[in-house]
Structure formats: C-alpha cells, structure tokens
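Only one structure is covered here, and it is reproduced in the block below.
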C-alpha cells in the first residue's frame with residue numbers, strides 16, 4: 136500500500152508488543168483470524184495505518200440476531216451463510232448492526248475531513264489543543280499525481296509528467312517543512328537536541344496548530360457497527376472514490392472485514408460491491424433478453440452459481456415462470 140516502515144516510533148512499537156502480550160479469558164464469541172490481527176497496524180500511504188483495537192460479534196451474531204436464538208444449536212454453517220446472503224440481498228440491515236468494531240486510524244487531515252462526513256460512527260480524535268502534532272505529512276507518490284479532470288469536477292485526469300510530479304512533491308514537502316518549523320517556533324518548541332527559549336512560553340497549542348497544512352497526519356479511534364461500516368466501504372472502496380481514502384477502505388475491507396465476518400464479506404462483495412442496480416426501464420430490457428434464453432434455464436442457473444432460493448427470486452423479478 137505504498138507505506139514506509141517508519142510509521143511507528145519505538146515507544147509505539149513497545150506499546151503494541153505490550154498490548155499483544157496481554158491475554159483475557161472470555162465467554163463471548165471471538166474470531167481467531169481477527170485475534171491474530173488485533174492491535175497490529177496495517178500500513179497505508181507513507182505514514183498512515185489502520186488497526187483493530189476491539190470488536191464485538193461475528194457471522195454467528197448476525198444469524199443469532201436474525202433468528203433471535205440462544206446459539207448455534209445443530210445448524211450447519213451453510214445455513215448461516217445462506218441466511219446472511221438472504222439478509223444482505225433483501226437489505227435487512229438490523230442484524231448486521233449487532234456486530235461492532237473499533238479501529239485506530241492514522242490518516243492525513245484532508246482525508247479525515249472527508250471521512251468524518253460519515254456520521255454513523257463514534258469518533259475520538261487526537262487533540263492538537265492538548266498535544267503537539269508529530270512532524271509527519273503526506274507526500275503522494277508520483278503515479279497518483281494527476282491533473283484536474285475535464286469531465287469530473289471532483290476527479291483526476293491525466294497523469295503528470297515525471298518533471299511536473301517531482302515539482303509538485305518538492306512544493307508540498309517545502310511547504311510542510313516550513314509550516315512545521317513555524318509551528319515549533321510558535322510553540323517555542325525547539326528541534327530535537329536543542330533547548331527551547333526559557334524566556335518565552337510560546338503560543339497556545341490551540342492557536343499554533345492553525346498554520347499546519349491539510350496533509351499533516353492526525354489520528355483517531357473510530358467505532359462503528361457492521362451495517363454502517365459496510366455502507367462506508369460501499370462508497371469509499373468504490374473505484375470512483377478519491378485514491379487516498381480508497382486505500383484505507385480497501386485495507387479495512389480486505390484485511391479486517393474479510394477475516395472478521397467472512398460470510399458477510401462474501402455477501403457484501405456479491406450483492407453490493409460487484410452488483411448493479413437497474414431502473415424499471417432497464418429491468419424491462421433484461422426481462423425481454425432473458426426470455427429469449429428461457430429454455431436454457433438449467434444451464435443459466437449453473438453458470439450463475441446462485442442458490443435455488445435466489446434463482447426463484449430472480450425468476451419472480453423477471454416475471455418468468457419456473
């Protein structure tokens with residue numbers, strides 16, 4: 136994901152190892168694959184990461200909520216998978232709200248301001264009113280530096296030439312370095328190895344932070360239920376999303392959601408990420424086209440790989456007799 140290896144300080148690495156060394160006894164459902172990932176940062180961009188801090192529930196919790204039962208009993212896993220796919224297909228969202236996850240995310244400020252538009256999570260952000268921001272800022276790789284799109288006001292167009300990209304990176308780095316030097320000066324905080332001026336107390340941190348640019352990194356804890364997380368991912372892991380937020384969404388989807396709730400992940404990919412919506416007019420066209428191959432129903436179903444129940448639902452939607 137383009138990240139460097141210095142996204143954690145020695146102190147942060149020591150804290151991580153201490154957290155991973157802790158062990159707790161529990162009677163609640165746990166997911167071994169996610170337990171292995173717990174606290175471990177997934178590197179993103181040049182200094183960013185996302186890591187799981189805590190979670191509640193699994194695929195079984197979704198099924199349990201839908202059936203309002205006490206446990207698995209003698210059900211088969213294939214039954215759980217089929218029910219989860221049915222719930223996802225028919226947009227029964229409440230059972231997915233029974234699972235929650237808490238993430239620690241380190242990201243550029245301009246992406247955080249886009250991310251926070253999703254108002255269905257609990258957020259606690261690192262405060263530059265009380266603490267001093269690290270000297271870490273995002274410099275895009277040359278291949279993601281593109282000109283403004285001529286057809287999409289919020290999109291990118293042609294890739295910049297190597298010389299143009301190098302100049303953009305130089306300007307971004309110079310501006311960020313200068314801004315942080317002034318930030319330290321306003322705070323009366325000297326670079327490492329130097330002593331601050333004892334005669335001057337420095338500007339209040341809540342004021343000094345305002346000169347920093349939007350490519351500096353911030354951090355937050357972000358807690359959200361699975362239903363709203365999947366909605367976030369459906370928008371931000373989409374090809375049309377901005378690259379910098381998309382790589383976070385893709386990392387969450389592939390490295391966290393997939394091992395956490397594999398059945399829900401599979402259904403989400405099938406019915407949200409890799410599906411499409413049809414208008415009434417478009418559906419009428421599909422009905423007409425499919426009617427021409429009605430005699431090949433058995434072959435079509437085998438090609439699709441969908442269940443018998445989903446096939447019946449599809450035939451009803453297309454107004455075709457069994």
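In the numbering used here, the protein residues as written are 136 to 457.
Using N, Cα and C, we set each Cβ at its ideal position, and we do this for glycine too.
Keep in mind that this is a model prediction, so the values were computed, not measured.
Taking all protein chains in view, the Cβ of residue 396 is crowded by 16 or more other Cβ atoms within 10 Å, so the residue is classified as buried. Taking C-alpha positions only, residue 451 is separated from residue 392 by approximately 32 Å. Taking 4 residues as the minimum length, the alpha helix (DSSP H) runs contained wholly in the stretch 315-394 are 340-343, 361-371 and 378-386, in order along the chain.
Contact annotation: residue 366 and residue 271 have beta-carbon atoms that are not nearer than 7 Å. Between residue 399 and residue 385, the gap from beta carbon to beta carbon reaches 7 Å or more.
Bridge partners of residue 191 according to DSSP: 235. Rounded to whole angstroms, the Cβ separation of residue 177 and residue 390 is 5 Å, and the two are in contact under 8 Å. Distance check between residue 388 and each of 145, 238 and 221 places 238 closest, using alpha-carbon atoms only. Of the other Cβ atoms in all chains shown, fewer than 16 fall within 10 Å of the Cβ of residue 345; this residue is therefore exposed. For residue 217, the uninterrupted alpha helix (DSSP H) run begins and ends at 212-224, by DSSP. Bridge pairing for residue 240: 185 and 355 [DSSP].
Taking each of 175, 185, 225 and 213 in turn and checking the Cα distance to residue 448, the smallest one comes out for 225. Across the structure, residue 266 and residue 148 are spaced so that their CA atoms are roughly 20 Å apart. The three-state secondary structure of residue 270, taken from DSSP, is coil.
A direct Cα-to-Cα measurement between residue 402 and residue 220 gives close to 5 Å.
Burial check for residue 352: the Cβ neighbour count within 10 Å reaches 16 or more, so the residue is buried.
Taking every protein chain shown into account, the CB of residue 159 has fewer than 16 other CB atoms within 10 angstroms, so this residue is exposed. With respect to the C-alpha of residue 155, the residue from 163, 162, 168 and 172 having the closest C-alpha is 172. If you check the CB distance, residue 235 and residue 355 do not come in under 7 Å. Exclusion of the five residues before and after residue 314 leaves 346, 347 and 348 as the residues of its chain whose Cβ lies within less than 7 Å of its Cβ. Of all alpha-carbon atoms in 419, 269, 442 and 241, the one lying nearest the alpha-carbon of residue 185 is that of 241.
Under the DSSP definition of a beta bridge, residue 281 partners with 294.
The straight-line gap separating the alpha-carbon atoms of residue 321 and residue 308 is approximately 20 Å. Residue 251 is classed as exposed because its beta carbon has fewer than 16 other beta carbons within 10 Å across all chains shown. Only buried fits residue 382, as 16 or more other CB atoms lie within 10 angstroms of its CB. Within the model, the alpha-carbon separation for residue 295 versus residue 317 is close to 30 Å. Put simply, the backbone Cα of residue 200 is about 12 Å away from that of residue 215.
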